[in-house]
Amino acid sequence: MTLLVAHGLRGGYGGVDILQGVDLRVAPGELVVIVGPNGAGKSTAMKAIFGLVRLRAGRVVFDQREITGLPPERLVPLGLAYVPQERNVFPSLTVEENLEMGAYVRRDDIRPDMERVFALFPVLAERRRQRAGTMSGGERQMVAIGRALMTRPRLLLLDEPTAGLSPRFVDLLFERIRAINREGVAILMVEQNAKKALAMADRGVVLVGGANRFEDAGPAVLAHPDIAEMFLGGA
Amino acid sequence: MAELLQLLIYGIVTGGIYALGAIGISLIFAILRFAHFAHGDLMTVGAYLALSAAAILGLPLGGAFALAALLTAGIAVLIDRLLYRRLRASGAVVLLISSFGVALILRSLVQLLWGPETQVYETAITPPWRLGELRIRPVHVAILTICLLLVSALHLFLTRSRTGKAMRAMADDPDLARVSGIATERVVVWTWLLGGGLAALAGMFLALDTRLHPLLGWNVLLPLFAAALVGGIGNVYGAIAGGLVLGVASELSTLVLPAVYKPAVAFAAIVVVLVVRPRGLLGGR
Chain Y
1 MTLLVAHGLR
11 GGYGGVDILQ
21 GVDLRVAPGE
31 LVVIVGPNGA
41 GKSTAMKAIF
51 GLVRLRAGRV
61 VFDQREITGL
71 PPERLVPLGL
81 AYVPQERNVF
91 PSLTVEENLE
101 MGAYVRRDDI
111 RPDMERVFAL
121 FPVLAERRRQ
131 RAGTMSGGER
141 QMVAIGRALM
151 TRPRLLLLDE
161 PTAGLSPRFV
171 DLLFERIRAI
181 NREGVAILMV
191 EQNAKKALAM
201 ADRGVVLVGG
211 ANRFEDAGPA
221 VLAHPDIAEM
231 FLGGA
Chain U
236 MAELLQLLIY
246 GIVTGGIYAL
256 GAIGISLIFA
266 ILRFAHFAHG
276 DLMTVGAYLA
286 LSAAAILGLP
296 LGGAFALAAL
306 LTAGIAVLID
316 RLLYRRLRAS
326 GAVVLLISSF
336 GVALILRSLV
346 QLLWGPETQV
356 YETAITPPWR
366 LGELRIRPVH
376 VAILTICLLL
386 VSALHLFLTR
396 SRTGKAMRAM
406 ADDPDLARVS
416 GIATERVVVW
426 TWLLGGGLAA
436 LAGMFLALDT
446 RLHPLLGWNV
456 LLPLFAAALV
466 GGIGNVYGAI
476 AGGLVLGVAS
486 ELSTLVLPAV
496 YKPAVAFAAI
506 VVVLVVRPRG
516 LLGGR
């Protein structure tokens with residue numbers, strides 16, 4: 001039983017294929033971390049799943065349903081949500097309005113979900129009327145993840161959620177991501193903080209040059225001597 | 236002193252009219268990322284549609300204005316569906332130039348349908364109220380009141396309604412709006428409805444204050460862009476502030492300059508703002 005199957009993804013932005021046949025699988029409630037060197041196609045693979053990169057070949061199936069090439073506005077109602085690495089909040093909108101925009105596709109009462117996000121990130125409750133653009137990087141990341149949670153997704157795609165954050169925020173954010181995962185939300189995450197991310201991952205996938213190189217349980221990837229040396233900067 | 240106050244009143248009324256036009260320019264720029272050069276001619280179309288709505292259907296002026304505003308809003312959406320939408324992927328310059336073409340087409344259609352001569356709305360002639368040395372025209376009070384109501388309604392729409400918030404979200408970041416599942420084409424339709432409707436009302440008010448002629452809107456395009464720029468392009472509230480600044484400045488300029496130089500005020504305003512505060516009074520993009 002798998003929630004997401006991406007098979008043989010090929011494609012990119014212009015003439016050059018960044019993805020040279022990427023396979024990804026996520027089971028319901030699973031936490032999968034993608035690691036690999038710069039330019040390996042990690043972010044591109046996430047965007048391809050979310051319909052933001054044109055695929056030349058390959059298929060994406062979500063919950064037994066073919067979603068290859070569907071635009072984001074069709075994917076969100078199905079239970080997929082994506083948090084881009086950069087520019088992931090609406091800067092002139094307040095925290096509360098950012099969360100409301102996350103729930104744009106919903107017509108029912110969104111207050112319970114907003115309260116859930118506030119319970120997860122209490123600092124956002126205090127700042128609900130503050131414009132997102134005036135917040136710190138770490139707080140913005142919380143707004144971004146909160147926005148994505150507003151549709152109660154079954155699969156959350158996170159693109160380098162801790163990039164550029166101070167160590168204090170990195171630990172806090174990882175802890176919160178685990179909490180979200182424990183509530184049953186499957187997570188597919190690209191992460192530069194590979195050691196910490198793999199340590200908590202159910203599964204780690206190593207991408208190199210736009211293709212799968214290695215895959216195992218998160219801690220096992222971390223323990224693999226070749227992988228450790230190649231991508232994680234030695235022991 | 237009385238003359239100054241009198242000009243100030245005229246300036247605020249003109250400013251309110253400019254604001255209605257500049258809001259549309261700013262909204263369209265914020266959502267669709269191009270300078271809409273046909274905006275002045277949308278004003279003209281609205282003003283003439285009101286003339287016909289009153290003449291043919293025998294509607295009172297208020298009803299004619301409302302109907303013409305709705306029709307013009309529909310025309311703006313139609314132009315977008317037929318033309319601008321197909322060019323969206325080609326970029327801002329192509330859209331800007333095509334809007335020049337739309338401006339020419341609209342203006343020619345107005346001349347063809349309604350003729351090149353100057354016309355006026357049939358209104359009862361009401362003498363101005365006198366307040367000491369000041370004269371206040373009832374029509375000015377009506378225009379300003381409606382401008383205030385429209386601006387307040389727009390504010391409520393943008394800050395309270397789901398679609399209004401989605402418009403602001405899309406102005407912030409169209410890619411993230413799509414990622415959030417916002418129906419971006421729906422937001423675009425709303426942008427044209429609002430921009431077109433407000434432009435039509437600006438045209439009618441301008442024609443009510445002066446006269447109808449085929450160049451009515453084209454002639455104020457420069458002050459409208461100046462207003463949008465002065466306030467901060469892409470910022471609706473900036474467009475309102477910019478409209479008032481431009482309206483008052485151009486009326487007050489007649490104290491020291493011949494009236495034919497009024498348009499130069501808009502140029503001067505653009506230059507000053509771009510030099511001193513390039514992102515506009517209230518900050519745009």
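Protein chains in written order, with the working numbering: chain Y, 1 to 235; chain U, 236 to 520.
Every residue gets a Cβ at the ideal spot worked out from N, C-alpha and C, and that includes glycine.
Output the distance between the C-alpha atoms of residue i and residue j, rounded to the nearest integer angstrom.
i	j	result
Val337(U)	Lys47(Y)	37 Å
Gln346(U)	Pro449(U)	6 Å
Glu486(U)	Leu479(U)	11 Å
Ala254(U)	Ser387(U)	13 Å
Asp109(Y)	Glu368(U)	58 Å
Phe312(Y)	Gly138(Y)	An answer regarding residue 312(Y) cannot be provided, because it is not within the stretch 1 to 235 covered by chain Y.
Ser43(Y)	Ala27(Y)	20 Å
Ala463(U)	Val508(U)	11 Å
Glu183(Y)	Glu30(Y)	11 Å
Val170(Y)	Lys196(Y)	9 Å
Ile244(U)	Thr279(U)	24 Å
Pro253(Y)	Ile417(U)	Residue 253(Y) falls outside the range modelled here, since chain Y spans only 1 to 235, and no answer is possible.
Ile34(Y)	Val206(Y)	6 Å
Val16(Y)	Val53(Y)	12 Å
Leu317(U)	Gly482(U)	34 Å
Thr426(U)	Phe62(Y)	34 Å
Ile371(U)	Ile360(U)	14 Å
Leu292(U)	Leu286(U)	10 Å
Leu391(U)	Leu341(U)	32 Å
Ala235(Y)	Ala223(Y)	Note on Ala235(Y): pLDDT 36, under 50, position unreliable in the model; the coordinate value appears next. Straight-line Cα distance between these residues: approximately 9 Å.
Leu4(Y)	Val60(Y)	7 Å
Val465(U)	Arg514(U)	8 Å
Gln130(Y)	Arg176(Y)	22 Å
Ala270(U)	Glu229(Y)	53 Å
Glu191(Y)	Leu24(Y)	15 Å
Leu441(U)	Met150(Y)	46 Å
Leu492(U)	Gln141(Y)	55 Å
Met402(U)	Leu158(Y)	25 Å
Leu19(Y)	Ile49(Y)	12 Å
I'd like to confirm the pairing. Which residues does DSSP put opposite residue i in its beta bridges?
i	result
Ala211(Y)	Val208(Y)
Arg10(Y)	Gln20(Y) and Ala57(Y)
Gln241(U)	BP columns for Gln241(U) are empty, so no partner.
Ile247(U)	Looking at the DSSP assignment, Ile247(U) forms no beta bridge with any residue, so it has no partner.
Thr94(Y)	Arg131(Y)
Val5(Y)	Arg25(Y) and Val61(Y)
Leu521(U)	Residue numbering for chain U in the displayed model covers 236 to 520; residue 521(U) lies beyond these limits and cannot be assessed.
Val83(Y)	Leu158(Y)
Trp364(U)	Ile371(U)
Arg203(Y)	Val32(Y)
Asp216(Y)	Gly204(Y)
For residue i, count neighbouring Cβ atoms within 10 angstroms of its own Cβ and tell me buried if that reaches 16, exposed if not.
i	result
Arg65(Y)	exposed
Leu156(Y)	buried
Tyr13(Y)	exposed
Met114(Y)	buried
Pro362(U)	exposed
Ile595(U)	Nothing about residue 595(U) can be read from this structure; chain U reaches only from 236 to 520.
Ser334(U)	buried
Asp226(Y)	exposed
Ala144(Y)	buried
Ser343(U)	exposed
Arg154(Y)	buried
Gly218(Y)	buried
Ala499(U)	exposed
Trp364(U)	exposed
Phe502(U)	exposed
Thr162(Y)	buried
Pro458(U)	buried
Would you verify that the beta carbon of residue i is, or is not, closer than 9 Å to some beta carbon of chain C?
i	result
Phe62(Y)	Of the protein chains in this structure, namely Y and U, none is chain C.
Would the beta-carbon of residue i be found less than 8 Å away from any heavy atom of the ligand FAD?
i	result
Leu385(U)	Among the components modelled here there is no ligand, and therefore nothing to report on the ligand FAD.
Exercise. Going along the chain, which residues of the stretch 80 to 94 of chain Y sit with their C-beta nearer than 9 Å to a C-beta in chain U?
Worked result: Listed by position, the residues of the stretch 80 to 94 of chain Y near chain U (Cβ gap below 9 Å) are Ala81, Tyr82, Val83, Pro84, Arg87, Asn88, Val89, Phe90, Pro91, Ser92 and Leu93.
Exercise. What beta strand (DSSP E) runs, 3 residues minimum, are completely inside the stretch 13 to 71 of chain Y?
Worked result: 19 to 26, 31 to 35 and 55 to 62
Exercise. Of all the alpha helix (DSSP H) runs that stay within the bounds of the stretch 107 to 189 of chain Y, which reach a length of 4 or more residues?
Worked result: 111 to 120, 122 to 126, 137 to 149 and 167 to 182
Problem set entry | Against chain U: residues of the stretch 100 to 116 of chain Y by CB proximity under 7 Å | Glu100, Met101, Gly102, Tyr104 and Val105
For this session: Closer than 7 Å, Cβ to Cβ, to anything on chain Y: give me those residues from the stretch 502 to 515 of chain U, in chain order.
Result: none
Exercise. Unbroken beta strand (DSSP E) runs of length 3 or more, entirely within the stretch 237 to 325 of chain U: which are they?
Worked result: none
Exercise. Taking a cut of 9 Å between CB atoms, which residues from the stretch 146 to 172 of chain Y lie near chain U?
Worked result: Arg147, Ala148, Met150 and Thr151
For this session: Quick one: which residues of the stretch 400 to 429 of chain U get their C-beta closer than 8 Å to a C-beta of chain Y? List them in chain order.
Result: Lys400, Ala401, Arg403, Ala404, Ala406, Asp407, Asp408, Asp410, Leu411, Ala412, Arg413, Val414, Ser415, Gly416, Ile417, Ala418 and Thr419
Problem set entry | Where the stretch 188 to 209 of chain Y meets chain U: residues whose CB sits under 9 Å from a CB there | none
Exercise. At which residue ranges does the stretch 380 to 415 of chain U contain complete alpha helix (DSSP H) runs of 4 or more residues, listed in the order of the chain?
Worked result: 397 to 407 and 409 to 414
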